[in-house]
Amino acid sequence: MTRADFTDVAVSTLMTITGHDPVRVVLRWSTQTPLLVTIHIHVDGMRIDWDTTRALIADGLTGRAGDGDIRVEPLEPCRAGPLMVITLGRPGAPTCRLGARRCDLQQFLDRTVQEIPLGTEQVTVPNDLDGFRVYDWF
Numbered sequence: 002m003t004r005a006d007f008t009d010v011a012v013s014t015l016m017t018i019t020g021h022d023p024v025r026v027v028l029r030w031s032t033q034t035p036l037l038v039t040i041h042i043h044v045d046g047m048r049i050d051w052d053t054t055r056a057l058i059a060d061g062l063t064g065r066a067g068d069g070d071i072r073v074e075p076l077e078p079c080r081a082g083p084l085m086v087i088t089l090g091r092p093g094a095p096t097c098r099l100g101a102r103r104c105d106l107q108q109f110l111d112r113t114v115q116e117i118p119l120g121t122e123q124v125t126v127p128n129d130l131d132g133f134r135v136y137d138w139f
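Count along the sequence shown starting at 1, add 1, and that's the number in this note's numbering.
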């Protein structure tokens, strides 16, 4: 597959981490892995990566979503506009809580949906007996 065979969508934004100055966070999605969103957090000269699903972020825009290592939920609007919280880490013992503007997450999702609408992702899964099959994930 060449670079022209797939599309990357990324948004870079400043987010807040509880107890830290704002940090740069990049959300990255590719048509090569349409179910996956990688969250790159740049803090203290390091990059920390967390993988989640596009559906979890979409669900979190309208209400609390996720009950595992990544949870997304809206907060009450403030002067900066509607905000979201992305909590990373085990429930009851979060590693960090990222505060993000809802419009940044919505813009990111809108750009991915232009490429592949939510719920229509197809993923190629290798099968030793039959070569490759395409499965719809739902």
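Glycine included, every Cβ here is placed at the ideal spot set by N, Cα and C.
None of these values were measured; they are calculated from a predicted model.
- With respect to the 8 angstroms criterion, Gly61 and Gly69 are not classified as neighbours on the basis of their beta carbons.
- Around the beta carbon of Pro35, a 10 Å sphere encloses 16 or more other beta carbons of the protein chains shown; the residue is thus reported as buried.
- Taking the Cα positions, Ser31 is about 13 angstroms away from Gln123.
- In this structure, Arg55 and Leu106 do not form a Cβ contact; the two beta carbons are roughly 11 angstroms apart against a cut-off of 8 angstroms.
- For the set Thr53, Gly46, Ala101, the Cα lying nearest the Cα of Gly90 is the one of Thr53.
- Going by C-alpha positions, Thr63 is about 12 angstroms away from Glu77.
- Look at Asp68 here: in three-state DSSP terms it is coil, with no helix or strand label.
- DSSP places Glu74 in the strand class (E or B) of the three-state scheme.
- With respect to the C-alpha of Asp22, the residue from Pro75, Val12, Gly100 having the closest C-alpha is Gly100.
- In the DSSP assignment, Asp105 falls within the unbroken alpha helix (DSSP H) covering 103–116.
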